[in-house]
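**Student:** So that you can map any letter, position 257 of the sequence shown is 257 in our numbering, and since no number is skipped, the others follow by simple counting. Quick one: the structure is below, and I'll ask about it shortly.
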Amino acid sequence: AKPMEVQPSAPKRLIVEAPYFANYIQKELPKYVSQEVIDAGGLTIETTLDRNWQEIGEQVIQDAVDIDGASQRFDQAALVAIETSTGEVKALVGGRDFAESEFNRAIQAQRQPGSTFKSFVYAAAVAAGFPPTDGYRDVPFTVDGYKPKNYGKKYAGWRSMIDSLAYSVNVVAVQVLMDVGFEPVMKLAEDMGIKSEVKATYSMALGTWEVNLLELTNAYATLAAEGKFIGAHGIKRIINQNGQVVYEAYAQPKQVLDRGSAAIVTWMLENVVRYGSGANAYLYDRPVAGKTGTTEDARDLWFIGYIPQVATGIWLGNDDNKPTWGVSSTAAFNWRQFMKQIVEDIPVKDFPDRPSFYDREPTIEAKPVEPEWIRYGQIGPDGRDVNERKDDRNY
C-alpha cells in the first residue's frame, strides 16, 4: 500500500508527527474501505487526532518511563484519550518510542486489567438493584477451591460496596460477582466496550482475563457518557482521489447501562479519587472518577479515569510481563500529568446527580452463582488471616 495521505496538503505528516496514532489508523482503515481502494492510493483520511493532546500524551508517557520507570522497574507505557460524547480517539500513544518499537501497546497488547475490571462487576450489581450501601464480609474466604486475597492481605471484617470499590477490596468484589452472576457481568462489560473474551470464573472480578487499553478506556467512556456506548474510532472521513466521501463516521450511541446506575457508579468511582486508591488523579478544579488496577507482582499498573467530557486510560509495565516494583498510584499520577494540561481548554462540568440508592427498579436481572462450597476464615486483631503463616510476604 502507498503511504497514507492524511491531509491533501501534507501527506505522510501524521506518520512522522504521531507515529503510534498513524499506526492505529492504518490498522483501522481496512475496516472501512476495501484493499483495492487502499492500494489505488490517493486517499485523504480525516482523523480524530488532537495534535496538542497527542504531543502532551507522548511527553507524559516518555516521562513516566524515564522517571518513574527507572525506579519502579518498568520500561513501557501507553495512553489513550477518548472524547466521551463522540467516541473520537483524540490521543493514542502506544509506547515510549515508535522508532525503538512499533508494537502498539494501546491496541495490540492484551494485558490483565486487574482491579479496573471491578467497575463492571459493581455496575452490574447497581443495575440489578443492589444498594451500594449493602455490606459484605471482608474476611478471607475460599469458594469452590478459589481463594482471593486482599492487597497486603489485610481485612476489615465488614465493608460496604462503596468502600470496597474505593479501597479496591478483592474479597468483596468476588462476593458481589457471586451475587449478581457471571453472565450479567460479562454481558454488561461486553456491551460497554470490552470485546476481548472474558470467561465465567470467580477470578473475573479481579480482572484476570486479558483486554487492551483502548477497549478498557472505551468502556469507561461509556460510564462517562451516562451509560451510552459509542465505539471508539480514529477516522472521521475517508475521501477518494475523485473527491468523493467513501466513508464517514456516524456515532450511534447505544444505552447499555441505565442512566441512574451509571450516575451511581460514577459517584462510587469519584470516591476512588476522593479518598481511595486513585487519590493521585485528583484535579483541583473539577470532579474526576476512575479506578486503579494492579495485577499480580505489579506486572501491570493501570489508571482508567474520566471527567464528563473525556476518558483517559494509562498502562505502565514491561513487554515481557516481568514484575515491576511499581504501584497503580503511579499510573494515576501520570493520568493527572496528562489531564491537568488538556483540561485548560475544557469547561468545568459536574457529573450528573446520582439518584437515591434505594427502591430502584432493576434494569439487569441478577443470576446469582450457586457455588458447591464456601468457607470463611477468621481475622486476628491485626486484620490478617489467622490461618496464614506470619512471615508470609506481602505480594
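Each residue gets a CB set at the ideal place from its N, CA and C atoms; glycine is no exception.
Between which two residues does the alpha helix (DSSP H) holding Y122 run?
**Tutor:** Here residue 122 refers to the residue found at position 122 when the sequence shown is read from its first residue. 118-127 is the extent of the alpha helix (DSSP H) around Y122.
**Student:** What are the boundary residues of the alpha helix (DSSP H) that S328 is part of?
**Tutor:** Counting from 1 along the sequence shown, the entry for residue 328 is found at position 328. Unbroken alpha helix (DSSP H) run through S328: 328-342.
**Student:** Within 10 Å of its beta-carbon, does P368 have 16 or more other beta-carbons around it, so buried, or fewer, so exposed?
**Tutor:** Here residue 368 corresponds to residue number 368 of the sequence shown, with the count starting at 1. It counts as exposed.
**Student:** Drop a sphere of 10 angstroms on the beta-carbon of N242, count the other beta-carbons inside from all chains shown, and report buried for 16 or more, exposed for fewer.
**Tutor:** For the purposes of this step, residue 242 is taken as the residue at position 242 of the sequence shown. By the neighbour-count rule (16 or more Cβ atoms within 10 Å), N242 is not buried but exposed.
**Student:** Would you list the one or two residues that DSSP bridges to L301?
**Tutor:** Your numbering for residue 301 matches position 301 in the sequence shown. L301 is bridged to T294, L316.
**Student:** Give me, in chain order, the residues of the same chain whose beta-carbon lies closer than 7 Å to that of A124; leave out the 5 immediate sequence neighbours on both sides.
**Tutor:** Position 124 of the sequence shown holds residue 124. Correct list, in chain order: V180, P184, V185, L188, I364.
**Student:** Just the Cα atoms here: how many angstroms apart are A200 and A263?
**Tutor:** As a first step, residue 200 is located in the sequence shown; it is residue number 200 there, counting from the start. As a first step, residue 263 is located in the sequence shown; it is residue number 263 there, counting from the start. So the two alpha carbons sit approximately 27 Å from each other.
**Student:** Nearest to D297 by alpha carbon, out of F229, D258, G326, K118?
**Tutor:** Here residue 297 refers to the residue found at position 297 of the sequence shown. D297 has its Cα closest to that of G326, out of F229, D258, G326, K118.
**Student:** Just grab the DSSP bridge partners of A136 for me.
**Tutor:** Taking the first residue of the sequence shown as 1, we reach residue 136 at position 136. Position check: residue 136 holds Tyr in this sequence, whereas Ala was assumed. Its beta-bridge partners are R159.
**Student:** Have a look at V139, I162, D144 and flag the residue whose alpha-carbon is nearest the alpha-carbon of Y151.
**Tutor:** Position 151 of the sequence shown, counting from 1, holds the residue named residue 151. The shortest Cα separation from Y151 among V139, I162, D144 belongs to V139.
**Student:** Determine the burial state of G260: buried for a count of at least 16 other Cβ atoms within 10 Å of its Cβ, exposed for fewer.
**Tutor:** Within the sequence shown, numbered from 1, the residue matching residue 260 stands at position 260. Classification for G260: buried.
**Student:** Please confirm if the segment 193-209 is in contact with the segment 115-123, defined as three or more CB-CB distances below 8 Å between the two stretches.
**Tutor:** At 8 Å Cβ cutoff, the stretches touch.
**Student:** Would you kindly work out how many angstroms separate the C-alpha atoms of V37 and A18, rounded to a whole number?
**Tutor:** Taking the sequence shown and counting its residues from 1, one reaches residue 37 at position 37. Taking the sequence shown and counting its residues from 1, one reaches residue 18 at position 18. Cα-Cα distance, rounded: 24 Å.
**Student:** With which residues is T44 paired in a DSSP beta bridge?
**Tutor:** The residue you call residue 44 lines up with position 44 of the sequence shown. The partner list for T44 (beta bridge, DSSP) reads I239.
**Student:** Could you round the C-beta distance between G290 and Y167 to whole angstroms and report it? I think they count as a contact, below 8 Å.
**Tutor:** The residue labelled residue 290 in the question sits at position 290 within the sequence shown. The residue labelled residue 167 in the question sits at position 167 within the sequence shown. With a Cβ gap of about 14 Å, G290 and Y167 do not count as contacting.
**Student:** Ignore the nearest five residues each way along the sequence and tell me which others in D68's own chain have a CB closer than 6 Å to its CB.
**Tutor:** As a first step, residue 68 is located in the sequence shown; it is residue number 68 there, counting from the start. For D68, where only same-chain residues beyond five positions count, the Cβ hits under 6 Å are T330.
**Student:** Buried or exposed for I374, going by 16 or more other Cβ atoms inside 10 Å?
**Tutor:** Numbered from 1 along the sequence shown, position 374 holds the residue referred to as residue 374. I374 should be labelled exposed.
**Student:** Around the Cβ of P362, are there at least 16 other Cβ atoms within 10 angstroms (buried) or fewer (exposed)?
**Tutor:** In the sequence shown, counting from the first residue as 1, residue 362 sits at position 362. Exposed: under 16 other Cβ atoms inside 10 Å.
**Student:** May I have the straight-line CA-CA distance separating F303 from G129, to the nearest angstrom?
**Tutor:** Translated into positions along the sequence shown, residue 303 becomes position 303. Translated into positions along the sequence shown, residue 129 becomes position 129. Using only the alpha carbons, I get a separation of about 27 Å.
**Student:** Are there 16 or more other CB atoms within 10 angstroms of the CB of W158, so buried, or fewer, so exposed?
**Tutor:** As a position in the sequence shown, residue 158 is number 158, starting the count at 1. That one is exposed.
**Student:** Does DSSP put R384 in a helix, a strand or coil?
**Tutor:** As a first step, residue 384 is located in the sequence shown; it is residue number 384 there, counting from the start. DSSP places R384 in coil when its eight states are reduced to three.
**Student:** With the cut-off set at 9 Å, would you say I82 and G94 are in Cβ contact?
**Tutor:** Translated into positions along the sequence shown, residue 82 becomes position 82. Translated into positions along the sequence shown, residue 94 becomes position 94. Not a contact, by the Cβ cut-off of 9 Å.
**Student:** Got a sec? Which residues, its chain only, sit under 7 Å from F141 by beta carbon, not counting five neighbours each side?
**Tutor:** In the sequence shown, residue 141 corresponds to position 141, counting from 1. The answer, listed in chain order, is V171, I374, R375, Y376, G377.
**Student:** Could you say which of A91, V265, V176 lies nearest to S356 if we only look at CA atoms?
**Tutor:** Within the sequence shown, residue 356 is the residue found at index 356, counting from 1. It is V265 whose Cα lies nearest to the Cα of S356.
**Student:** In terms of alpha-carbon separation, which member of D50, S34, T44, Y32 lies closest to I342?
**Tutor:** For the purposes of this step, residue 342 is taken as the residue at position 342 of the sequence shown. For I342, the nearest C-alpha among the options comes from D50.
**Student:** So, with DSSP's three-state summary, where would you put F182?
**Tutor:** The residue you call residue 182 lines up with position 182 of the sequence shown. Of the three classes helix, strand and coil, the one that applies to F182 here is helix, per DSSP.
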